[in-house]
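Down below is the structure, laid out as structure tokens.
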Amino acid sequence: MTIKTFPLGGDLTINRLGFGAMRLAMGTFAGPARDPETGIAVLRRAVELGVNHIDTAGFYGRDAVWANDLIRRALTPYRDDLVLATKVGPLPGPHGVPIGHATAEQLRGLVEADLRALGLDRLDLVYLRAGGTTEPGGESIAERFAALAELRTEGLIRHLGVSNVDTSQLAEARSIAPVAAVQNRHTGLPPAAPEEAGIAHVPYFPLGGGVDGGPHHPERLASVAARLGATPAQVAIAALLATSPTALAIPGTGSLAHLEENLATDELTLTDEDLSELRGRRVGPGSP
3 MTIKTFPLGG DLTINRLGFG AMRLAMGTFA GPARDPETGI AVLRRAVELG
53 VNHIDTAGFY GRDAVWANDL IRRALTPYRD DLVLATKVGP LPGPHGVPIG
103 HATAEQLRGL VEADLRALGL DRLDLVYLRA GGTTEPGGES IAERFAALAE
153 LRTEGLIRHL GVSNVDTSQL AEARSIAPVA AVQNRHTGLP PAAPEEAGIA
203 HVPYFPLGGG VDGGPHHPER LASVAARLGA TPAQVAIAAL LATSPTALAI
253 PGTGSLAHLE ENLATDELTL TDEDLSELRG RRVGPGSP
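What follows is the structure in structure tokens.
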């Protein structure tokens, strides 16, 4: 990493290596709930190690353990430089697993619930999460994004983002209000958000999310990691940050050991040769 910070929304300087809160309360949406005291310890250690951007959501939780509650308990009073990003849209079902989507009229209630849970008067960044677990696209987000833009005008939200969107949905949102960040699934490809507009690219599942192993071939990750004396997770995070100066990483964990491993990536630099190997290409004589 060369440039270690990013001006989110043009006025919030954050470290490009942040923290995702989903796994604080649960390993997966199916549960079970994790020990809340461990989650609190992870959050406090993350901030001690320099994290000043935490990504969360009101639907990150299971049973009596919820990420926003843990964040408030662990970190209030909040440091002046700490940026909390949340997302709204999905509606949790009876067992905590998101099964529905809020209407434009319901979004105010979700934002106000996040404000109460986090103990804030204004949210730094709120994403509109579109769709479900499917690929992005196929629906208009204008009405719902306009509802969030109104809450921004009222002062409840500082910056707006969109999540799980395609290029047309991003353009639709930008025609309504400024978009500070895009949060789509990490594929290893260059960011979907336009760099020239200063929009942050904040991929979720930067280490694969336990779904399909992530965007990089495990053998290539292991090879580069062995050469650098790093772990595959560290190489994956560093590769994400190398895609663009607008890319932000939010690896999440409920483990102190994994937290420290992930954040040690801040000292790791990948060469062009390393990045080419991860993409399945070699740099050398005759290489294109």
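Taking the numbering used here, the leading residue of the sequence shown gets 3, the next gets one more, and so forth. In this text, a Cβ means the ideal position worked out from N, Cα and C, and glycines have one as well.
Excluding sequence positions up to five before and after Ile201, its CB lies within less than 7 Å of the CB of Val181, Ala182, Ala183, Val184, Ala195 and Thr248, all in the same chain and listed in chain order. Boundaries for Asp37: no alpha helix (DSSP H) harbours it, and the DSSP string shows neither H nor E there.
A Cβ-Cβ contact shorter than 8 Å links Leu130 with Val90. Here the alpha carbon of Glu221 sits roughly 12 Å from the alpha carbon of Ala235.
Between Ala132 and Asn166, the beta carbon gap of about 5 Å places them in contact (Cβ cut-off 8 Å).
Taking all protein chains shown into account, Thr58 has 16 or more neighbouring C-beta atoms within 10 Å of its C-beta and is therefore buried. Scanning Leu112, Leu158 and Asp168 for the CA closest to the CA of Thr136 turns up Asp168.
Contact check for Leu265 against Leu19 passes: the beta carbons are separated by less than 8 Å. One Cα belongs to Thr267, the other to Leu153, and the distance between them is close to 36 Å.
Here Arg75 is near Ile42, since their CB atoms are less than 8 Å apart.
By the Cβ-count criterion, Glu39 is exposed, with fewer than 16 other Cβ atoms from all chains shown falling within 10 Å of its own Cβ. In the structure shown, Gly111 adopts helical secondary structure according to DSSP, grouped into three states. DSSP lists Arg64 as the bridge partner or partners of Val67.
In the three-state reduction of the DSSP assignment, Leu270 falls in the coil class, being assigned neither a helical nor a strand state.
By the criterion of a C-beta distance shorter than 7 Å, Ile16 is surrounded in its chain by Thr7, Phe8, Leu10, Asn54, His55 and Val85, once the five residues flanking it on both sides are discounted. Setting aside the 5 residues that flank it on each side, Gly282 is surrounded in the same chain by His219 and Arg222, each with a C-beta closer than 8 Å to its C-beta; the list follows chain order.
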